[in-house]
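Colleague: Mind looking over this structure? Questions follow.
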Amino acid sequence: MKYFKSFSLYISVIMLALLVSACGQSKHEVIVYGDFNCPHCKDFEQKIMPKLTKDYIEKDKVKFTFVNVAFLDKSSELGAAASYAVKEKAPNKFLKFNQMIFEQQGKEEINEKNLDKQIDKLGLSDKDSNNIKEEYKNKHSKVWDKVESDQKRADKDHIKEVPTVKIDDEKVKDVYDYDSIKKMLDE
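With mature numbering (1 follows the signal peptide of the UniProt record, and there is no 0) applied, the sequence shown covers -22 to -1, 1 to 165.
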């Protein structure tokens, strides 16, 4: 009987350890590499991002990162800087702002005037809007360091095309197949 109690206690401790371990599992990391001037990235933004945002990002089920791979045009870097300024000053508007930039693709160029218009549409206070505008227009600000860091990260990760999506460092074969993305995230 003495051994049975010890064995039962041992099993209980193992079960508790497994339960604690399962509860502490980290979230999947989703990295989207894109360029604000890329029409394929715009398609991804319009077709996949709303589902990904609704099902995972808004529910805090994944760690999400957008890497601005601004290699199609210099204006992509300006858009990336503005995006990072929004993320820094109004993080809850970051994804919306990215969506707004992509929506303007083919209609308006990415330039300060048009980015300022999009920032004004975010519904922020004048002070916050002005801070964002000042931040992205200052080439010596930390948002420009992040733009440069994204370029280095894309090089290090051997990103040759956009959009590219990685989940837990595994490249998604078809970025437009939401079911396969969902399957990877639900594992």
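Where a beta carbon is used, it is the ideal one built from N, C-alpha and C, also for glycine.
Hey, quick one: how far does the beta strand (DSSP E) through valine 143 stretch, first residue to last?
Modeller: Your numbering for residue 143 matches position 165 in the sequence shown. Element bounds for valine 143: 142 to 145.
Colleague: Quick one: what's histidine 6 bridged to in DSSP?
Modeller: Position 28 of the sequence shown, counted from the start, is the residue given in the question as residue 6. Paired residues: Val40.
Colleague: Could you tell me the distance, in whole angstroms, from the CA atom of asparagine 76 to the CA atom of aspartate 133?
Modeller: The residue labelled residue 76 in the question sits at position 98 within the sequence shown. The residue labelled residue 133 in the question sits at position 155 within the sequence shown. If you take the alpha carbons of asparagine 76 and aspartate 133, they lie about 22 Å apart.
Colleague: Take alanine 59 as the anchor and find which of Ile26, Asp128, Pro17, Glu23 has the nearest alpha-carbon.
Modeller: Mapped onto the sequence shown, residue 59 falls at position 81. Of the listed residues, the one whose Cα sits closest to alanine 59 is Asp128.
Colleague: Can you tell me whether DSSP reads tyrosine 62 as helix, strand or coil?
Modeller: One-based indexing of the sequence shown puts residue 62 at position 84. Three-state DSSP puts tyrosine 62 in a helix.
Colleague: Leaving out five residues before and five after isoleucine 137 in sequence, what residues of the same chain have Cβ atoms less than 6 Å from its Cβ?
Modeller: Indexing the sequence shown from 1 puts residue 137 at position 159. Only Tyr11, Val47 meet the Cβ criterion.
Colleague: Starting from the Cα of lysine 99, find the closest Cα among Lys41, Asn116, Val64, Lys85 and give me that residue.
Modeller: For this step, residue 99 is matched to residue 121 along the sequence shown. For lysine 99, the nearest C-alpha among the options comes from Val64.
Colleague: Return helix, strand or coil for lysine 149, following the three-state DSSP convention.
Modeller: As a working note, residue 149 is residue 171 in the sequence shown. In this structure, lysine 149 counts as strand in the three-state DSSP scheme.
Colleague: Using the Cα positions of lysine 149 and threonine 31, report the straight-line distance between them to the nearest angstrom.
Modeller: Reading the sequence shown from its first residue, position 171 is the one you call residue 149. Reading the sequence shown from its first residue, position 53 is the one you call residue 31. About 19 Å.
Colleague: Quick check on glutamate 7: buried or exposed, where buried means 16 or more other Cβ atoms within 10 Å of its Cβ?
Modeller: Mapped onto the sequence shown, residue 7 falls at position 29. Exposed, by the Cβ-count rule.
Colleague: Does the distance from the C-beta atom of residue 173 to that of valine 153 stay below 8 Å?
Modeller: Residue 173 is absent from the model: the chain starts at -22 and stops at 165.
Colleague: Check the DSSP bridge columns for asparagine 46 and list the partner residues they point to.
Modeller: For this step, residue 46 is matched to residue 68 along the sequence shown. DSSP, once it has assigned bridges, lists Gly12 as partnering asparagine 46.
Colleague: Should lysine 161 be labelled buried (16 or more other beta-carbon atoms within 10 Å of its own) or exposed?
Modeller: Looking up residue 161 in the sequence shown gives position 183. Counting Cβ neighbours within 10 Å, lysine 161 comes out exposed, since fewer than 16 surround it.
Colleague: Residues in its own chain within less than 7 Å of aspartate 51 by CB, not counting five upstream and five downstream?
Modeller: Counting from 1 along the sequence shown, the entry for residue 51 is found at position 73. Asn15.
Colleague: Kindly give me the distance between the Cβ atoms of lysine 74 and asparagine 109, rounded to whole angstroms, as I take these residues to be in contact under 8 Å.
Modeller: For this step, residue 74 is matched to residue 96 along the sequence shown. For this step, residue 109 is matched to residue 131 along the sequence shown. So it is not a contact: roughly 17 Å between Cβ atoms.
Colleague: According to DSSP, simplified to helix, strand and coil, what is aspartate 157?
Modeller: Your numbering for residue 157 matches position 179 in the sequence shown. Residue state, collapsed to three classes: helix.
Colleague: For the alpha helix (DSSP H) holding aspartate 123, just list the boundary residues, first then last.
Modeller: On the sequence shown, position 145 is the one that residue 123 refers to. Looking at the DSSP string, the run of the alpha helix (DSSP H) that includes aspartate 123 is 120 to 134.
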